[in-house]
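Data block below; observations after.
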Amino acid sequence: MGHSPTSSASNPGAAAPYAAYNPHSRPSSHRPTKPIAVLPPLVLTPEQELAALVAHLASVLDTNSLPAEIDPTVPIDPDYLLGFDTRGPDRETVDAKLTDMVTETWISNPVVVFTKEGPRSREVVSILSTYGLTPAPLEIPLDDTRPDARLLRKALARLTASSTPTSGSAEEVSLPLLLLAGQPIHRTVSHLHQNGELRGDEETRQRGGHAVSASVPQAARSLRGPAADEGVC
Numbered sequence: 001m002g003h004s005p006t007s008s009a010s011n012p013g014a015a016a017p018y019a020a021y022n023p024h025s026r027p028s029s030h031r032p033t034k035p036i037a038v039l040p041p042l043v044l045t046p047e048q049e050l051a052a053l054v055a056h057l058a059s060v061l062d063t064n065s066l067p068a069e070i071d072p073t074v075p076i077d078p079d080y081l082l083g084f085d086t087r088g089p090d091r092e093t094v095d096a097k098l099t100d101m102v103t104e105t106w107i108s109n110p111v112v113v114f115t116k117e118g119p120r121s122r123e124v125v126s127i128l129s130t131y132g133l134t135p136a137p138l139e140i141p142l143d144d145t146r147p148d149a150r151l152l153r154k155a156l157a158r159l160t161a162s163s164t165p166t167s168g169s170a171e172e173v174s175l176p177l178l179l180l181a182g183q184p185i186h187r188t189v190s191h192l193h194q195n196g197e198l199r200g201d202e203e204t205r206q207r208g209g210h211a212v213s214a215s216v217p218q219a220a221r222s223l224r225g226p227a228a229d230e231g232v233c
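Just so you know, we're using full-length UniProt numbering here: the sequence shown kicks off at 1 and counts up by one.
Right under this line is the structure:
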């Protein structure tokens, strides 16, 4: 008795020699994809981190608080502060976005003052209000009623350590802290105001506001005055 050929349907394990080759098929156009290069973690300079922190806080003042697990004595993770992918597509693109972020932060907020409840902060805010600056000064209160107030005071102490004094604890920045185009003020605002180094004329207002887009560093020098690197805040 003859044996009928074994079909692949009746025997799933059987080979299908004629189906394995199709003379009309085309070579596959699929090519292995190249692995996406991942950049090493971005490391911000203190100046860049300060701009990123201000931009983060300014976006939603009432809700953008630092998480309690953040250690303010070390650089804050850029992925938390920045609104773009810090790992790609390439370093040139990331660096360009970072430069734009810093510039746009100080154009939008050329005058920033971190305050706490008390006469000194009220005095600084009052003095600044007399200059009619455009944009208006950005005030960020750091009273203890704010959940992340201590974290921010410690982070600001680290970021401005080379240019501003600290409070008695030597861990927190002394408030009020005034930033002009990202540059911390080194002398009391009242002293600069009384000496005429904070002038209320149109030139000063323009340098403190609209003209910042043309020259951010010049805006800082204009309001700081020639002797702004002396004394304490």
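Every residue gets a Cβ at the ideal spot worked out from N, C-alpha and C, and that includes glycine. Quick caveat, the model's predicted, so the values are computed rather than measured.
Judged by beta-carbon spacing, L53 lies within the 8 Å limit of L81, meaning their Cβ atoms are closer than that value. By the C-beta criterion, the region 106-119 is judged to be in contact with the region 135-153, since at least 3 inter-stretch pairs fall below 8 Å. Per DSSP, the unbroken alpha helix (DSSP H) holding T105 starts and ends at 91-108. At a cut-off of 3 residues, the continuous stretches assigned as beta strand (DSSP E) that sit fully inside the region 112-157 are 138-141. Residue state for P72 is assigned as coil, using DSSP reduced to three classes. Secondary structure note for L57: it is in no beta strand (DSSP E), and the uninterrupted alpha helix (DSSP H) holding it is 46-59. Counting along the chain, L81 sits inside the alpha helix (DSSP H) bounded by residues 78-81. Taking C-beta atoms under 8 Å as the contact rule, D148 and S65 qualify, at a distance of about 4 Å. Counting along the chain, L179 sits inside the beta strand (DSSP E) bounded by residues 177-180. Per DSSP, the beta bridge partners of P184 are L179.
Three or more beta-carbon pairs separated by less than 8 Å link the region 119-129 to the region 173-180, which places the two stretches in contact. One thing to note: A55 has its Cβ no nearer than 8 Å to the Cβ of G182. The residue from E171, G196, D90, R91 with its alpha-carbon nearest to that of D71 is E171. For L42, no alpha helix (DSSP H) run applies, since DSSP gives it neither H nor E.
Going by DSSP, S190 is part of the alpha helix (DSSP H) stretching over 189-194. Under the three-state reduction of DSSP, L159 is assigned to helix. Short of 7 Å from the beta carbon of F114, and not among the five residues preceding or following it, lie these beta carbons of its own chain, in chain order: I140, L142, L156, L175, P176, L177.
Residue environment: Q194 is assigned as exposed (fewer than 16 neighbouring CB atoms within 10 Å of its CB, all protein chains considered). Excluding sequence positions up to five before and after V102, its CB lies within less than 7 Å of the CB of Q48, A51, all in the same chain and listed in chain order. By the Cβ-count criterion, P184 is buried, with 16 or more other Cβ atoms from all chains shown falling within 10 Å of its own Cβ. Note on geometry: alpha-carbon atoms of R146 and E197 lie some 33 Å from one another.
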